[in-house]
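Under numbering that gives the first Met the number 0, the letters of the sequence shown match residues 0 to 265, in that order.
Only one structure is covered here, and it is reproduced in the block below.
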Amino acid sequence: MSPAPTSQPDTLAERLDLVRDRIARACELAGRPATEVTLVAVTKTAAPDQIRELIGLGVADLGENRVQQLQQRAAQINEWHSRQLARAEDAARPLPPKLRWHMIGHLQRNKVKPLLPLVSCIHSVDSLRLAEELDACAGKLSQDRRISVLMQVNASEEPQKYGVAVGAAVHLAEQIASMPHLQLVGLMTMAAYDATEKAARFTFSRTRELFEEMKWHRIGGSGFRHLSMGMSGDFEWAIAEGATLVRIGSHLFGGGNQQESLQDEE
Ligand SMILES: *Cc1c(COP(=O)(O)O)cnc(C)c1O
0 MSPAPTSQPD
10 TLAERLDLVR
20 DRIARACELA
30 GRPATEVTLV
40 AVTKTAAPDQ
50 IRELIGLGVA
60 DLGENRVQQL
70 QQRAAQINEW
80 HSRQLARAED
90 AARPLPPKLR
100 WHMIGHLQRN
110 KVKPLLPLVS
120 CIHSVDSLRL
130 AEELDACAGK
140 LSQDRRISVL
150 MQVNASEEPQ
160 KYGVAVGAAV
170 HLAEQIASMP
180 HLQLVGLMTM
190 AAYDATEKAA
200 RFTFSRTREL
210 FEEMKWHRIG
220 GSGFRHLSMG
230 MSGDFEWAIA
240 EGATLVRIGS
250 HLFGGGNQQE
260 SLQDEE
C-alpha cells in the first residue's frame with residue numbers, strides 16, 4: 000500500500016471527501032470498522048472561514064499545536080458554532096452538536112492553565128512534571144471532571160523530537176494513569192518526517208506494542224483505547240498499524256507537510 004497521488008482537488012469539501020474515502024479504504028484493508036478511526040482536522044494553517052466550512056461538513060474534532068492559536072480559534076469558532084446551532088434553518092446541515100478541540104503540539108507548563116478549559120483532549124503529555132501540572136490545574140477547575148490525555152512517545156527515537164523515550168514509557172504511563180484528575184486515554188506518536196513506509200510503520204507498530212503492553216498491565220483501565228498516529232503523509236500506514244485518531248492538516252487545507260517546529264512562540 001502506498002499513499003495516493005498528491006494532486007489535490009480544488010474545494011475543501013472535495014478534499015474532505017477524499018480524506019474520508021482514504022480513511023475508509025485503509026480501514027477496510029486493515030479489516031477494521033471505519034467507525035474506529037476519528038479524523039482530527041489540524042487547523043493550524045487553515046483560515047477561519049475554512050474551519051467553519053469544515054464544521055458545516057460535519058467535522059467535530061479540531062487540532063491545534065499552539066496554545067495561543069488554539070485559544071483564539073476556540074473562542075471565535077465556538078461562538079460561531081453556538082450561534083449556528085441556535086438557528087433552526089440550519090438544522091438540516093450535518094453540523095456537529097459539539098466541537099472538540101485537541102491540543103496536539105508540545106505544551107509548556109506555564110500554558111496549562113489557560114488551555115485546560117478549552118480542550119477535550121491533550122495528545123502531547125511527555126513528562127511527569129507536565130502531567131503533575133495538568134493534574135493540579137484540572138483539580139482546581141473541577142473536582143469531578145478528568146482531563147483526557149494521551150502520552151506522546153518518541154517511538155522513532157529521533158534525538159530532536161518531543162516525546163517520552165520508549166524505555167521510560169510504561170513507567171510514566173503508570174504514573175499518569177494514577178493521577179486523580181487525568182484520564183490516560185492512549186498514546187500519541189509521530190513518524191520521522193519523510194520516513195519510508197517501512198520506517199513509518201515500524202514507529203507506529205512499536206507504539207502499538209507499547210500500548211498493548213500497557214493494556215496488559217491494566218494501565219489506564221477501560222478508557223485506555225486510543226492511538227493518535229498518522230498525518231497527511233502517512234495516515235494510511237498508521238491505520239494499518241492500529242491508529243484510532245489521525246491528525247490531518249495539509250491534505251485538507253494545503254500548505255505542504257509541516258512538521259512541528261521546535262521553536263516555541265516565546
Ligand atoms: C501539523 C501537525 C499535524 C498535521 O500534519 P499534516 O502533515 O499537515 O497533516 C499532525 N500532528 C501534529 C503534532 C502537527 O503539529
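By construction, the Cβ of each residue, glycine as well, lies at the ideal position given by its N, Cα and C atoms.
Local conformation of residue i per DSSP, three classes
{"i": "Leu56", "result": "coil"}
{"i": "His105", "result": "coil"}
{"i": "Leu186", "result": "strand"}
{"i": "Gln151", "result": "strand"}
{"i": "Gly138", "result": "helix"}
{"i": "Gln164", "result": "For the sequence presented, residue 164 should be read as Ala rather than Gln. It is coil, neither helix nor strand."}
{"i": "Gly253", "result": "coil"}
{"i": "Ala40", "result": "strand"}
{"i": "Glu157", "result": "coil"}
{"i": "Gly62", "result": "strand"}
{"i": "Leu115", "result": "helix"}
{"i": "Ile218", "result": "coil"}
{"i": "Ser227", "result": "strand"}
{"i": "Arg86", "result": "coil"}
{"i": "His180", "result": "coil"}
{"i": "Leu11", "result": "helix"}
{"i": "Arg144", "result": "coil"}
{"i": "Arg200", "result": "helix"}
{"i": "Leu28", "result": "helix"}
{"i": "Leu98", "result": "coil"}
{"i": "Ser81", "result": "helix"}
{"i": "Gln174", "result": "helix"}
Same chain, Cβ closer than 6 Å to residue i, five either side skipped, listed in chain order
{"i": "Gly162", "result": "Asp125, Gln151, Val152, Asn153"}
{"i": "Leu244", "result": "Thr37, Val39, His225, Ser227"}
{"i": "Gln107", "result": "none"}
{"i": "His250", "result": "Val18, Ser231"}
{"i": "Arg246", "result": "Val39, Val41, Gly62, Ile103, Met230"}
Own chain residues within Cβ distance below 7 Å of residue i, not counting five before or after
{"i": "Ala176", "result": "Leu183, Ile218, Gly219"}
{"i": "Leu127", "result": "Leu171, Gln174"}
{"i": "Ala199", "result": "Ala190, Asp233, Trp236"}
{"i": "Glu157", "result": "Ala191"}
{"i": "Gln258", "result": "At Gln258 the pLDDT is 43, less than 50, meaning the model places this residue with poor confidence; the figure from the coordinates comes in the next sentence. Same-chain partners within the cutoff: Tyr192."}
{"i": "Leu140", "result": "Leu115, Pro116"}
{"i": "Arg14", "result": "Gln7, Pro8, His250, Leu251"}
{"i": "Ala45", "result": "Phe252"}
{"i": "Pro32", "result": "Cys26"}
Residue i and residue j closer than 8 Å at C-beta
{"i": "Met230", "j": "Ala242", "result": "no"}
{"i": "Leu28", "j": "Ala239", "result": "yes"}
{"i": "Thr195", "j": "Ser155", "result": "no"}
{"i": "Ser105", "j": "Cys120", "result": "Checking the sequence shown, residue 105 turns out to be His, not Ser. Contact flag unset, no."}
{"i": "Gly185", "j": "Leu149", "result": "yes"}
{"i": "Glu63", "j": "Arg72", "result": "yes"}
{"i": "Val118", "j": "Gly248", "result": "no"}
{"i": "Val165", "j": "Arg207", "result": "no"}
{"i": "Val169", "j": "Glu211", "result": "no"}
{"i": "Ser123", "j": "Met187", "result": "yes"}
Spatial neighbours of residue i in its chain, beta-carbon cut-off 8 Å, leaving aside the 5 residues before and after
{"i": "Lys214", "result": "Phe223"}
{"i": "Gly30", "result": "none"}
{"i": "Ala137", "result": "Leu115, Arg144, Arg145, Ile146, His180, Leu181"}
{"i": "Leu94", "result": "Ile54, Gly55, Gly57, His80, Gln83, Leu84"}
{"i": "Ile76", "result": "Pro47, Ile50, Arg51, Ile54, Leu61, Leu98"}
{"i": "Val111", "result": "Leu129, Glu132, Leu133, Cys136"}
{"i": "Gly68", "result": "With the sequence shown as reference, residue 68 is identified as Gln, and Gly is not the correct amino acid for it. For Gln68, where only same-chain residues beyond five positions count, the Cβ hits under 8 Å are Lys43."}
{"i": "Pro113", "result": "Val66, Gln70"}
{"i": "Ala12", "result": "Glu52, Leu56"}
{"i": "Glu35", "result": "Cys26, Thr243"}
Closer than 8 Å to chain B by CB, residue i
{"i": "Leu209", "result": "Structure shown: chain B not included; a single protein chain is present."}
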